[in-house]
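Student:
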Ligand code: C2E
Ligand code: MG
Ligand code: MG
Ligand code: MG
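In this note's numbering, the protein residues as written are 263 to 543.
#1: So, helix, strand or coil for residue 331, using DSSP?
#2: In its own chain, which residues sit with a C-beta less than 7 Å from the C-beta of residue 515, not counting the 5 before and 5 after it?
#3: For residue 270, which residues in the same chain have their Cβ closer than 7 Å to its Cβ, ignoring the five residues on either side in sequence?
#4: Nearest by alpha-carbon distance to residue 481: which of 492, 494, 467 is it?
#5: Does the distance from the C-beta atom of residue 307 to that of residue 321 stay below 8 Å?
#6: What number of angstroms, rounded off, separates the C-alpha of residue 502 from the C-alpha of residue 427?
#7: Give me whichever residues DSSP pairs with residue 439 in a beta bridge.
#8: Between which two residues does the alpha helix (DSSP H) harbouring residue 356 extend?
#9: Which residues bound the alpha helix (DSSP H) around residue 478?
#10: Would you say the beta carbon of residue 516 is closer than 7 Å to some non-hydrogen atom of ligand 1?
#11: Helix, strand or coil: which one does DSSP assign to residue 522?
#12: How would you label residue 380, buried or exposed, when you count the other beta carbons within 10 angstroms and need 16 or more for buried?
#13: Using 8 Å as the threshold, is the region 381–397 in touch with the region 348–366, meaning 3 or more CB pairs across them?
#14: Could you round the C-beta distance between residue 414 and residue 443 to whole angstroms and report it? I think they count as a contact, below 8 Å.
#15: How about residue 305 and residue 510: are their beta carbons less than 8 Å apart?
#16: Near ligand 2, which residues have their beta-carbon closer than 5 Å to a heavy atom?
#17: With distances taken between CB atoms, is the gap from residue 301 to residue 328 smaller than 8 Å?
#18: Report whether the distance from the Cβ of residue 382 to the nearest heavy atom of ligand 1 is below 7 Å.
#19: Can you find at least 3 beta carbon pairs, one from the region 431–439 and one from the region 396–412, that sit closer than 8 Å?
#20: Where do the ends of the beta strand (DSSP E) carrying residue 302 lie?
#21: Cβ of residue 356 within 7 Å of any heavy atom in ligand 1?
#22: Under a Cβ-count criterion, where at least 16 other Cβ atoms within 10 Å of its own Cβ denotes burial, should residue 532 be classed as buried or exposed?
#23: Which residues does DSSP list as the beta-bridge partners of residue 319?
#24: Since I believe residue 447 is in contact with residue 416 (beta carbons under 8 Å), could you give me their beta-carbon distance rounded to a whole number of angstroms?
#25: Just to confirm the assignment, what range does the beta strand (DSSP E) spanning residue 469 have?
This is the structure we're talking about:
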């Protein structure tokens, strides 16, 4: 009986596993072509300072314009790229493109603020990443403070020593470091005191229901005071409404990022947005 069940289960699962494998394999091939064919693009989402109400930064977010499937979400292809290791080459492209774009904006008298780039664990564990960062900054005549690297709490789940070493080197150089999706990982408090970071990014899942969910409101307030007690700046992600903005402003949050200020924009639209000198209400 048990044996039979086992066989049935096997037969039941096999097609699904094949489906998954084919999907990943198909995407791996497509991702490989995407880099070569220039199908990736960066969008830039403005961040606003809550004291001045002005733009104070930008996060570079990758976009994939697939020739047949159209725009594919990073939520779908970043995990595959991490699994296959392609995130390393992709991440290098992101870093080079974002820094070249910032250098271009600088030359044209705009964007005095840094650009933030997302780093995945896989990338961070490449010993060559330190040299790559140095090279890209030098190539573009940028100072280390012009670059911000976003990491997640998850980086301490793998080779914590190597991760810490990389972060310390970046910190000593003057590159800004922030913890993305803060509050969603497992290791926040234990590692936070040892991480040489500058900024916490409150995950958007806590911001979404800030007005109706008293637990979320309490969590956000706690993250803001925790951050400030540790001398970190705090930015809230996913801010979509004036009510959310007001809540955050009243609780002393330093910056916001979200659709309320602006969606992530292609480079030319980002330029127009900054030129219009937007200010939060
Ligand atoms: P993330 O780094 O936390 O980026 C913020 C995500 O929230 C972006 O999704 C952004 O479009 C979205 N967002 C911003 N404001 C709002 C808002 O007001 N409401 C809502 N509902 N969403 C908002 P996106 O661009 O789809 O990226 C998803 C994730 O993919 C990123 O989360 C990041 O983890 C990853 N990712 C994106 N680009 C890169 C990259 O170049 N390298 C790596 N390693 N990961 C990337
Ligand atoms: Mg991010
Ligand atoms: Mg995030
Ligand atoms: Mg909401």
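Just so you know, even glycine gets a beta-carbon here, dropped at the ideal spot from N, CA and C.
Tutor: So, from the data block:
#1: coil
#2: 312, 486, 496, 498
#3: In this prediction, residue 270 scores a pLDDT of 45, lower than 50, which makes its location untrustworthy; no coordinate-derived value is stated.
#4: 467
#5: yes
#6: 36 Å
#7: 411
#8: 349–369
#9: 476–491
#10: no
#11: coil
#12: buried
#13: yes
#14: 5 Å
#15: no
#16: 380, 412, 442
#17: yes
#18: yes
#19: yes
#20: 302–311
#21: yes
#22: buried
#23: 309
#24: 6 Å
#25: No beta strand (DSSP E) holds residue 469; the alpha helix (DSSP H) holding it covers 466–470.
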